[in-house]
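According to the working numbering, the stretch in the sequence shown is residues 2 to 361, in order. Glycine included, every Cβ here is placed at the ideal spot set by N, Cα and C. Just so you know, these numbers come straight off a predicted model, no measurement behind them. This report refers to the structure that appears directly beneath it.
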Amino acid sequence: MIFSFIMTNDTFDAALERSKKLEQDIQINPKKYKVLTGDRPTGRLHIGHYFGSLQNRVRLSKMGVPTYILIADYQVLTDRDVFSEISQNTKQLVIDYLAAGIVPSDEVFIYPHSYVPEANQLMLPFLTLVTNAELSRNPTVKEEILVSGLKSVNAGMYMYPVHQACDILFCKGNVVPVGKDQLPHLELTRSIARRFNEKFSPESPVFPEPQALLSKTPSILGLDGSQKMSKSRGNAIMLSATEDETAKLIKKAKTDGERFITYDPENRPEVANLLMIISLCTGEEPQAIAERIGDGGGGMLKNVMTEALNETLRPLRTERTKLESSPDYIRQVLLDGAKKARKIAIETLDEVRRVMNMEI
Ligand code: TRP
2 MIFSFIMTND TFDAALERSK KLEQDIQINP KKYKVLTGDR PTGRLHIGHY FGSLQNRVRL
62 SKMGVPTYIL IADYQVLTDR DVFSEISQNT KQLVIDYLAA GIVPSDEVFI YPHSYVPEAN
122 QLMLPFLTLV TNAELSRNPT VKEEILVSGL KSVNAGMYMY PVHQACDILF CKGNVVPVGK
182 DQLPHLELTR SIARRFNEKF SPESPVFPEP QALLSKTPSI LGLDGSQKMS KSRGNAIMLS
242 ATEDETAKLI KKAKTDGERF ITYDPENRPE VANLLMIISL CTGEEPQAIA ERIGDGGGGM
302 LKNVMTEALN ETLRPLRTER TKLESSPDYI RQVLLDGAKK ARKIAIETLD EVRRVMNMEI
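Dropping the structure here:
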């Protein structure tokens with residue numbers, strides 16, 4: 002990944018340190034914060050999303066932190082030509098969120114950003130606060146251009162991080178749970194907030210500079226042992242998979258030639274990854290699981306994993322099936338969310354117009 006060359010460990014460690022402090026303060030003052038988080042509607046979620054971000058969102062919302070979950074449907078247009086499934090994917094995301102334990106309320110809602118025109122309108126002043134050079138050196142954007150194989154790159158690709166600033170700032174979100182790849186976008190959002198305040202409202206800032214909350218869960222590798230679990234690489238276990246499908250996928254997972262099971266992420270990444278997934282399900286340390294399996298070998302490791310994962314996901318999957326048969330309810334959740342987001346966006350846009358001296 003290009004990104005790892007650009008972000009030094011020092012910078013990352015500093016971000017991690019800040020994130021830990023933030024986590025502690027959220028526990029003490031949940032109402033001081035507003036979490037804004039989001040996904041692109043490119044498909045259903047897999048267990049990597051579940052352990053990496055979804056569980057965390059559920060936890061924060063249950064702690065009483067206002068939590069807004071945005072579905073970045075416009076962003077899908079930046080790196081692919083296919084748009085026929087956006088609406089379907091949006092609804093599948095909602096089903097995954099609800100099944101995982103997100104409970105919509107006045108302080109917790111889900112909506113597609115395309116339904117909030119007043120938030121999107123912040124794009125125009127925000128674009129005047131960043132330079133072309135800044136946009137074209139964003140390491141995550143560069144990486145995405147490379148991966149997408151796009152022959153010519155549309156301007157939306159370079160500008161979507163500014164749109165992400167609109168996503169976060171329209172509601173004055175001050176906490177963004179992110180993975181490492183999203184840190185450059187958050188850095189840009191912070192710059193936009195700071196520059197906006199300095200230029201238009203130096204006496205009393207309009208926008209907060211949101212902070213990154215980094216996931217504590219180590220990222221999960223694909224079942225083929227490659228760097229990232231993703232549906233497009235065919236190495237993922239979807240939350241919506243049946244128990245049988247889950248068992249079959251795990252049976253095919255890559256391990257190594259050594260029979261005796263040990264937890265050694267450095268030298269045995271594939272085995273360590275499976276142990277880590279079991280650990281995320283059971284709460285037991287991966288070393289202890291490895292010791293218990295030991296001579297049982299790869300076969301036993303996979304049986305243990307199948308059982309642990311299917312058991313952990315069973316309530317979610319039962320709920321998922323119920324939600325699948327309530328499309329009207331899913332649509333209503335999105336419409337309600339959009340309505341709540343819009344109310345906030347209208348107020349913010351009014352304030353922004355006022356400080357920019359554009360009120361008539
Ligand atoms: N860029 C994010 C991704 O690719 C999705 C996203 C869009 C987002 N707007 C956001 C994430 C606002 C957090 C906050 O996954």
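Subject >> Buried/exposed call for residue 249, threshold 16 Cβ in 10 Å >> reply: Around the beta-carbon of residue 249, fewer than 16 other beta-carbon atoms lie within 10 Å, marking it exposed.
Subject >> Endpoints, the alpha helix (DSSP H) within which residue 69 is located >> reply: Premise fails: residue 69 lies in the beta strand (DSSP E), 68-72, not in any alpha helix (DSSP H).
Original post:
Out of curiosity, what's the CA-to-CA distance linking residue 173 and residue 278?
Top reply: Our two residues, residue 173 and residue 278, have alpha carbons roughly 35 Å apart in a direct line.
**OP:** Specify, as a first and last residue, the run of the alpha helix (DSSP H) that residue 334 falls within.
**Re:** Per DSSP, residue 334 belongs to the alpha helix (DSSP H) from 328-356.
Original post:
Can you list the beta strand (DSSP E) stretches of 3 or more residues lying completely in the region 201-277, in chain order?
Top reply: Counting only runs of 3 or more, we get 212-215.
Original post:
Terminal residues of the continuous alpha helix (DSSP H) containing residue 127?
Top reply: Here the alpha helix (DSSP H) through residue 127 covers 124-128.
Original post:
With 16 other CB atoms within 10 Å as the buried threshold, where does residue 84 fall?
Top reply: Classification of residue 84: exposed, given that the 10 Å Cβ count is below 16.
Original post:
For ligand 1, is there a heavy atom less than 7 Å away from the beta-carbon of residue 183?
Top reply: The closest heavy atom of ligand 1 lies less than 7 Å from the beta carbon of residue 183.
Subject >> Inter-stretch contact (C-beta, 8 Å, three-pair minimum) for the region 193-207 and the region 236-256 >> reply: Not touching, per the Cβ criterion.
**OP:** Report buried or exposed for residue 43, applying the criterion of at least 16 other Cβ atoms within 10 angstroms of its Cβ.
**Re:** Of the residues assessed, residue 43 falls on the buried side of the cut-off, its CB having 16 or more other CB atoms within 10 angstroms.
**OP:** Starting from residue 164, follow its DSSP beta bridges and name the residues at the other end.
**Re:** Beta-bridge pairing links residue 164 to no other residue.
Original post:
How do the region 136-149 and the region 99-106 stand: do at least 3 beta-carbon pairs fall below 8 Å, yes or no?
Top reply: The region 136-149, when compared against the region 99-106, does not touch it at the 8 Å Cβ threshold.
**OP:** Using three-state DSSP, classify residue 84 as helix, strand or coil.
**Re:** In the displayed model, residue 84 falls within coil according to three-state DSSP, outside both helix and strand.
Original post:
Should residue 100 and residue 171 be called a contact, given that it needs their Cβ atoms to be closer than 8 Å?
Top reply: Contact: no.
Original post:
Which of helix, strand or coil does DSSP assign to residue 307?
Top reply: It is helical.
Original post:
Where does the unbroken alpha helix (DSSP H) through residue 141 begin, and where does it stop?
Top reply: Counting along the chain, the alpha helix (DSSP H) containing residue 141 begins and ends at 140-149.
Subject >> Candidates 52, 10, 25, 69, of which the one nearest residue 341 by Cα >> reply: Residue 69 is the option with its Cα nearest to residue 341.
Original post:
Under three-state DSSP, which class holds residue 75?
Top reply: Correct three-state label for residue 75: helix.
Subject >> Outcome for residue 73 when other beta-carbon atoms lying within 10 angstroms are tallied against a minimum of 16 >> reply: Buried.
**OP:** Enumerate in chain order the residues of its own chain whose CB-to-CB distance from residue 343 is below 6 Å, with the five nearest sequence positions on each side excluded.
**Re:** Correct list, in chain order: 117.
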